[in-house]
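Residue numbers (my numbering), protein chains in the order written: chain U, 156 to 331; chain P, 156 to 331. Cβ atoms here follow ideal geometry from the backbone N, Cα and C, with glycine treated the same way. All figures in this text were calculated on a predicted structure; none of them were measured in a lab. I have placed the structure first, in the form of structure tokens, so that the comments after it can refer back to it.
Protein chains: 2
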Amino acid sequence: MSRQTSRLDAKKVNSELLTLTYGALVSQMLKEIDNPDDVNKQLERIGYNMGVRLIEDFLARTGSNRCMEMRETADKIQQAFRLYINMQPTVTSWSSSGDEFSLVWDQCPLSEWVEMPNNGLKYCALIPGAIRGALQMVQLDVQCWFIQDQLKGDPVTELRIKYIKRLEDAVPAGED
Amino acid sequence: MSRQTSRLDAKKVNSELLTLTYGALVSQMLKEIDNPDDVNKQLERIGYNMGVRLIEDFLARTGSNRCMEMRETADKIQQAFRLYINMQPTVTSWSSSGDEFSLVWDQCPLSEWVEMPNNGLKYCALIPGAIRGALQMVQLDVQCWFIQDQLKGDPVTELRIKYIKRLEDAVPAGED
Numbered sequence: 156m157s158r159q160t161s162r163l164d165a166k167k168v169n170s171e172l173l174t175l176t177y178g179a180l181v182s183q184m185l186k187e188i189d190n191p192d193d194v195n196k197q198l199e200r201i202g203y204n205m206g207v208r209l210i211e212d213f214l215a216r217t218g219s220n221r222c223m224e225m226r227e228t229a230d231k232i233q234q235a236f237r238l239y240i241n242m243q244p245t246v247t248s249w250s251s252s253g254d255e256f257s258l259v260w261d262q263c264p265l266s267e268w269v270e271m272p273n274n275g276l277k278y279c280a281l282i283p284g285a286i287r288g289a290l291q292m293v294q295l296d297v298q299c300w301f302i303q304d305q306l307k308g309d310p311v312t313e314l315r316i317k318y319i320k321r322l323e324d325a326v327p328a329g330e331d
Numbered sequence: 156m157s158r159q160t161s162r163l164d165a166k167k168v169n170s171e172l173l174t175l176t177y178g179a180l181v182s183q184m185l186k187e188i189d190n191p192d193d194v195n196k197q198l199e200r201i202g203y204n205m206g207v208r209l210i211e212d213f214l215a216r217t218g219s220n221r222c223m224e225m226r227e228t229a230d231k232i233q234q235a236f237r238l239y240i241n242m243q244p245t246v247t248s249w250s251s252s253g254d255e256f257s258l259v260w261d262q263c264p265l266s267e268w269v270e271m272p273n274n275g276l277k278y279c280a281l282i283p284g285a286i287r288g289a290l291q292m293v294q295l296d297v298q299c300w301f302i303q304d305q306l307k308g309d310p311v312t313e314l315r316i317k318y319i320k321r322l323e324d325a326v327p328a329g330e331d
């Protein structure tokens, strides 16, 4: 897809439009795909592709440098959520070795108005996908998974992020 | 779907997230549905449902009263685009009887980064759907259709809106 001349970058839109559009995407997938696990995987993949695309914009806007350790990475992820979705998670529950932490939201972003089918769907699977995709573009391989989900009755939504490795030979951000 | 306690109403999110999520929705539909006309219809229907949902919020926020004629309606639609998508169309090309007008955008909202398949898809079909849905909730039956589309090589994107009738016995806004 090519970028058109007139960009909307600095623009902000109403969050309900995003939650409703995302809701339409998830329903559409549930209609067409029988297995909720496959829906989760596809949402994760769509998120991954978004992360790959958004990281360039994030680096350009924030003038961020390469993170030397996971605590810096956590700060940048927190900043990205504030910048893109206007909803900042708490960074918490660090592992003693500093390679793993949680992002916690009082309300899962994207899930306003949502009632979950009781079927294993991970409604917000786009989010870990986006984090994974964005970080891969800066040569950081992480694992992301939900350990609490408000839509499933937990008090908060908690996403766990674990450092796996630095990617040495990855395609640099900005190249396809 | 029920509304959760913590609302995001006043929140603004990055427009790229919306365009990317909408793009994912359209691609998903194109993958699953063979006929582009059916995709157009479904996007229109999804837009309709969004319009039905958003009109309440619009009325509550703007304290708008019932429009007595189409010029007022056009102003409100313009205001809604500014409010929700931060991109205000020009209202133009009124019919002599004042029952029909155009909304014109320099760039179609939602379509950043888009390359169109050459197949009859109306990429932004969500928008006329949303206008139709929102206006039905205030007892106004309109027809909406694109007469120019930048994604198809036209210089601007132009949506035509035509008054059909007042709906006397419609379900009031706020009731399902």
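Check: With burial defined as no fewer than 16 other Cβ atoms inside 10 Å of the residue's Cβ, what is the status of residue 266(U): buried or exposed?; Outcome: buried
Check: Within 10 angstroms of the Cβ of residue 298(U), are there 16 or more other Cβ atoms? Answer buried if so, exposed if not.; Outcome: exposed
Check: Can you list the beta strand (DSSP E) stretches of 3 or more residues lying completely in the stretch 245 to 287 of chain P, in chain order?; Outcome: 245 to 247, 255 to 260
Check: Compare the beta carbon distance of residue 296(P) and residue 277(P) with 8 angstroms and say whether it is the shorter of the two.; Outcome: no
Check: Measuring CB atoms only, is the stretch 184 to 198 of chain P touching the stretch 190 to 204 of chain U, in the sense that at least three cross pairs come out at less than 8 angstroms?; Outcome: no
Check: What three-state label does DSSP hand residue 317(P) in the structure shown?; Outcome: strand
Check: Taking the alpha helix (DSSP H) that residue 186(U) belongs to, which residues open and close that run?; Outcome: 170 to 187
Check: For the alpha helix (DSSP H) holding residue 296(U), just list the boundary residues, first then last.; Outcome: That residue, residue 296(U), is in no alpha helix (DSSP H); its beta strand (DSSP E) goes 295 to 303.
Check: Residue 252(U): buried (16+ other C-beta within 10 angstroms of its C-beta) or exposed?; Outcome: exposed
Check: Exposed or buried, residue 312(U), counting other C-beta atoms within 10 Å across all chains shown (16 or more means buried)?; Outcome: buried
Check: Residues in the same chain with beta-carbon distance under 7 angstroms from residue 246(P), minus the five sequence neighbours each way, listed in chain order, please.; Outcome: 229, 233, 256, 258
Check: Our contact map puts residue 176(P) next to residue 290(U) with C-beta atoms below 8 angstroms; I'd like the distance itself, whole angstroms only.; Outcome: 20 angstroms between Cβ atoms; not a contact.
Check: I need the DSSP call for residue 167(P), collapsed to helix, strand or coil.; Outcome: strand
Check: Within its chain, find whatever has a CB closer than 6 angstroms to the CB of residue 198(U); leave out the 5 residues flanking it on each side and keep chain order.; Outcome: 280, 281
Check: Taking the alpha-carbon positions, what's the residue 225(U) to residue 316(U) distance?; Outcome: 10 angstroms
Check: Rounded to whole angstroms, what is the Cα-Cα separation between residue 213(P) and residue 222(U)?; Outcome: 42 angstroms
Check: Just mark residue 300(U) as buried or exposed, buried being the case when its beta carbon has 16 or more other beta carbons within 10 Å.; Outcome: exposed
Check: Taking only beta carbons into account, state which residues of the stretch 232 to 251 of chain U come closer than 9 angstroms to chain P, listed in chain order.; Outcome: 238, 239, 240, 241, 242
Check: Report the neighbours of residue 177(U) on chain P: residues whose CB is nearer than 7 angstroms to its CB, in chain order.; Outcome: 176
Check: Give a yes or no on whether the minimum CB-CB distance between residue 170(U) and chain P is below 8 angstroms.; Outcome: yes
Check: Using a Cβ-Cβ cut-off of less than 7 angstroms, give me the residues of the stretch 195 to 208 of chain U that come near chain P, in sequence order.; Outcome: 201, 205, 208
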